[in-house]
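Number of protein chains: 2
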Amino acid sequence: MATIKDVAKYADVSVATVSRYLNKKGYLSKEAEKAVAGAIKALNYKPNSVARSLYHKNSKMIGLIIPDISNPFFPELARAVEDVALTYGYTVVTCNTDDDVEKEKRYIEALKQKYVDGLILATNELTADDYKSYQLPLVMLDRSIGDEIPSVRSDNYKGAKQATQLLINRGSQFIAHIRGPKRVQTAEDRYYGFKQAVEENNMAHIVIESGFDLESAKQIMQKTLSEYPMIDGIFASSDVMAAGAMKAAKSLSLNIPNDIQLIGFDGIPLGEMLIPSLSTVAQPIYKMGALSARLLIKQIEKQLVERYHYNLETTLLERETLRSEQNE
Amino acid sequence: MATIKDVAKYADVSVATVSRYLNKKGYLSKEAEKAVAGAIKALNYKPNSVARSLYHKNSKMIGLIIPDISNPFFPELARAVEDVALTYGYTVVTCNTDDDVEKEKRYIEALKQKYVDGLILATNELTADDYKSYQLPLVMLDRSIGDEIPSVRSDNYKGAKQATQLLINRGSQFIAHIRGPKRVQTAEDRYYGFKQAVEENNMAHIVIESGFDLESAKQIMQKTLSEYPMIDGIFASSDVMAAGAMKAAKSLSLNIPNDIQLIGFDGIPLGEMLIPSLSTVAQPIYKMGALSARLLIKQIEKQLVERYHYNLETTLLERETLRSEQNE
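Chains D and H, in that order, are what the protein sequence lines are. The first sequence runs -1 to 326 under our numbering. The second sequence runs -1 to 326 under our numbering.
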């Protein structure tokens, strides 16, 4: 592999000149510039990326910190981040924190030592001050944490409210909401959207808290449906939870959508695979990932950032877990 | 943040001495060693990881090259790789190639310039010679490519044969196999396992090729089930394909398992979420990822590798898409 010395020799200039060319710093005559460019091309020289990191204190790497890539909401998000990063010449280091604050800190410190250029954070553990102390460009994904750190999320409140209103419009009269854990911002926002819709309609309802996994949602819904047989509509805080609710209804021989209508949240591919296919509030998952990567790279490259906070629209997908339209 | 100079000053030794200590190279008196260790601790000094990369030509990073993290087989695999890597102090750069040979090459070159320490490859595009030319420690995951490159996969042939035999034992008399694309090694192996079982039993059968996605599998199965109403058993080359087959059966008002029994392959969480829950050949996905990371790190750290090729056992999961046991 050609070295910087080979390039200097071939171009008949000093190593310092080649270095100035590579780092775009300091004066260079047109002639020297042409000679160096020619030599680089002729020798197929590739600047050593680690040496460049040391000089520029950057690495063309970004860190993506998520709770768990096995949660089916995250693969598409990660995919979008990687796609956009690749377009701009960045690679992505993915880190799973399991919502463990110590693990998150260890990861961020390791990334900082590698001169990672910025972080996309889809986690819930640290405070804004913690994050700012790392002195890195940041984007919060799927959450926000004050005004100073840019954020990309979807309008969880509005999506949840629309979903609940749709259950009501289609004739549900006692609606259960399976909400996610209280410490999770998205679960809170969806809960408030649900709350708003049932209160505006004076609708009988019940709220149950569950983990975001299938088994927890299934078990708590089995119990709840047994205790409250009048439940005829369910709004679940995620598609996986909705799949758990479907299992629970099935185990009690309740038909979806005839006995109970059901809407999930997220819009992951799972929803289409279920039978009946799951109605859901679809987040623009790929767009969220892509936007957050662009927003981060703009900060890294000190480009103009027109907007720091995004609250994206969700889309109601009406599939087979809702009864067909009557007179809404 | 403390620098190497601060450490030298605090320990009252030269910078070169601290460097020898950090790089574990050259002579160091017991006294100097103790002084440097004490200074590092007192100042909470963290050696600059990029500078160390340049010196050692390593980075404590490994690359994970996969076709697409949104394919639900890969998140758990990626998770396992990252978990094991973290234990050994490595971070993971994930790259999605979309089975595009040029994209794969670009990624590997970018990683090599960052002194990535080794690669785990779950892709199908390059040849063994291509891979060896990168002169990096490698592990093939979910495939093998000659004897020289270590590999971790599951016994696709045997798993497929067992699944087909089980359909036959449970009374299926005309079995369809939805196979994956011909260029994919795992799809080939599963096809041969199926073939062996139907031939040993002189069983009527049909083989259909499909992409690994839900929609392709659904469409081709709708067509096939319409043309061959005698089909009463399906072995699908992946769980997602099996979900597509379930959709197709449902659209034709065929009951699973009463009219048609169904077995998938992979053992991803989706299978349990479906109604009826999907019988499948479960691969030890997490174990495959974890083993491949360990095998790679052993090579990187020049430790003894006892075994270079793993062909792991699969597990038949009998769920609700099979009729219950009669007299097998």
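Backbone N, C-alpha and C define an ideal beta-carbon position, used for all residues, glycine too.
Enclosing alpha helix (DSSP H) for residue i [first to last residue]
| i | result |
| --- | --- |
| phenylalanine 72(H) | 72 to 85 |
| isoleucine 283(H) | 283 to 298 |
| arginine 18(D) | 13 to 21 |
| glutamine 111(H) | 99 to 111 |
| alanine 174(D) | Careful: alanine 174(D) lies outside any alpha helix (DSSP H), inside the beta strand (DSSP E) at 172 to 177. |
| alanine 6(H) | 2 to 9 |
Top-ranked residue by Cα proximity to residue i, from the options
| i | options | result |
| --- | --- | --- |
| asparagine 122(D) | Lys245(D), Arg181(D), Lys28(D) | Arg181(D) |
| methionine 239(D) | Met201(D), Asp230(D), Thr278(D), Pro227(D) | Thr278(D) |
| leucine 139(D) | Lys245(D), Leu314(D), Leu117(D), Asp187(D) | Leu117(D) |
| isoleucine 147(H) | Asn94(H), Leu136(H), Asp153(H) | Leu136(H) |
| glycine 87(H) | Asp96(H), Ala108(H), Leu252(H), Asn56(H) | Asn56(H) |
| glutamate 107(H) | Leu84(H), Asp145(H), Asp97(H), Ser131(H) | Ser131(H) |
| aspartate 237(D) | Leu293(D), Ala291(D), Ala215(D), Gln133(D) | Ala215(D) |
| isoleucine 283(D) | Glu197(D), Ala120(D), Gly231(D), Asp10(D) | Ala120(D) |
| leucine 212(D) | Ala243(D), Phe192(D), Asn200(D) | Ala243(D) |
| arginine 141(D) | Leu293(D), Asp127(D), Gln183(D), Ala35(D) | Gln183(D) |
| lysine 296(H) | Val34(H), Lys58(H), Asp10(H) | Lys58(H) |
Residue burial classification, residue i (beta-carbon count within 10 angstroms, cutoff 16)
| i | result |
| --- | --- |
| glycine 178(H) | buried |
| arginine 168(D) | buried |
| serine 224(D) | exposed |
| leucine 276(H) | buried |
| aspartate 264(H) | buried |
| leucine 75(D) | buried |
| leucine 302(D) | exposed |
| threonine 125(H) | exposed |
| methionine 219(H) | buried |
| arginine 305(H) | exposed |
| histidine 307(D) | exposed |
| methionine 228(D) | exposed |
| glycine 144(D) | exposed |
| threonine 15(D) | buried |
| alanine 158(D) | buried |
| threonine 319(H) | buried |
| serine 12(H) | exposed |
| glutamate 102(D) | buried |
For residue i, the first and last residue of its enclosing beta strand (DSSP E)
| i | result |
| --- | --- |
| glycine 116(H) | 116 to 119 |
| glycine 191(H) | Unbroken run through glycine 191(H) is the alpha helix (DSSP H), 183 to 198; no beta strand (DSSP E). |
| valine 352(D) | Chain D is shown from -1 up to 326; residue 352(D) falls before or after that span and cannot be answered. |
| alanine 246(H) | Careful: alanine 246(H) lies outside any beta strand (DSSP E), inside the alpha helix (DSSP H) at 237 to 249. |
| alanine 37(H) | Per DSSP, alanine 37(H) belongs to no beta strand (DSSP E); it is in the alpha helix (DSSP H), 28 to 41. |
| threonine 92(D) | 89 to 94 |
| serine 149(D) | 149 to 152 |
Straight-line gap, residue i to residue j (C-alpha atoms, nearest Å)
| i | j | result |
| --- | --- | --- |
| glutamate 343(H) | alanine 174(H) | There is simply no residue 343(H) to check, as chain H begins at -1 and stops at 326 in what is shown. |
| alanine 280(H) | leucine 314(H) | 6 angstroms |
| proline 255(D) | alanine 246(D) | 13 angstroms |
| aspartate 66(D) | aspartate 81(D) | 19 angstroms |
| valine 5(H) | leucine 26(H) | 15 angstroms |
| lysine 300(H) | asparagine 21(H) | 17 angstroms |
| glutamate 326(H) | glutamine 160(H) | Only weak support exists for where glutamate 326(H) lies, its pLDDT of 46 falling under 50; the value from the coordinates is given anyway. If you take the alpha carbons of glutamate 326(H) and glutamine 160(H), they lie about 14 angstroms apart. |
| leucine 310(H) | arginine 188(H) | 14 angstroms |
| leucine 259(D) | alanine 241(D) | It should be noted that the sequence gives glutamine, not leucine, for residue 259(D). Going by the C-alpha atoms only, they are around 13 angstroms apart. |
| alanine 0(D) | cysteine 93(H) | 27 angstroms |
| valine 114(H) | asparagine 154(D) | 39 angstroms |
| alanine 40(H) | lysine 3(H) | 14 angstroms |
| isoleucine 60(H) | alanine 288(H) | 13 angstroms |
| glutamine 163(H) | methionine 271(D) | 26 angstroms |
| asparagine 42(D) | lysine 32(D) | 15 angstroms |
| alanine 185(H) | alanine 78(D) | 27 angstroms |
| glutamate 29(H) | lysine 23(H) | 16 angstroms |
| tyrosine 226(D) | leucine 250(D) | 12 angstroms |
| serine 322(D) | glycine 209(D) | 30 angstroms |
| serine 68(D) | alanine 195(H) | 34 angstroms |
| tyrosine 8(H) | threonine 95(D) | 36 angstroms |
| aspartate 257(D) | threonine 222(D) | 15 angstroms |
| serine 17(H) | alanine 37(H) | 13 angstroms |
| methionine 286(H) | aspartate 98(H) | 23 angstroms |
| arginine 317(H) | glutamine 133(H) | 46 angstroms |
| alanine 312(H) | leucine 84(H) | According to the sequence displayed, residue 312(H) carries threonine and not alanine. Cα to Cα, the separation comes out at about 27 angstroms. |
| serine 149(D) | serine 290(D) | 7 angstroms |
Inter-residue CB distance, residue i and residue j (contact presumed, cutoff 8 angstroms)
| i | j | result |
| --- | --- | --- |
| isoleucine 63(D) | tyrosine 129(D) | That belief does not hold up - the Cβ atoms of isoleucine 63(D) and tyrosine 129(D) are roughly 10 angstroms apart, past 8 angstroms. |
| phenylalanine 172(H) | alanine 202(H) | 5 angstroms |
| serine 235(D) | isoleucine 166(D) | Incorrect: roughly 18 angstroms between the Cβ atoms, too far for contact. |
| methionine 91(H) | leucine 109(H) | Checking the displayed sequence, the identity of residue 91(H) turns out to be valine instead of methionine. Right, their Cβ atoms sit about 6 angstroms apart. |
| proline 70(D) | leucine 268(D) | 6 angstroms |
| glutamine 111(D) | lysine 44(H) | 6 angstroms |
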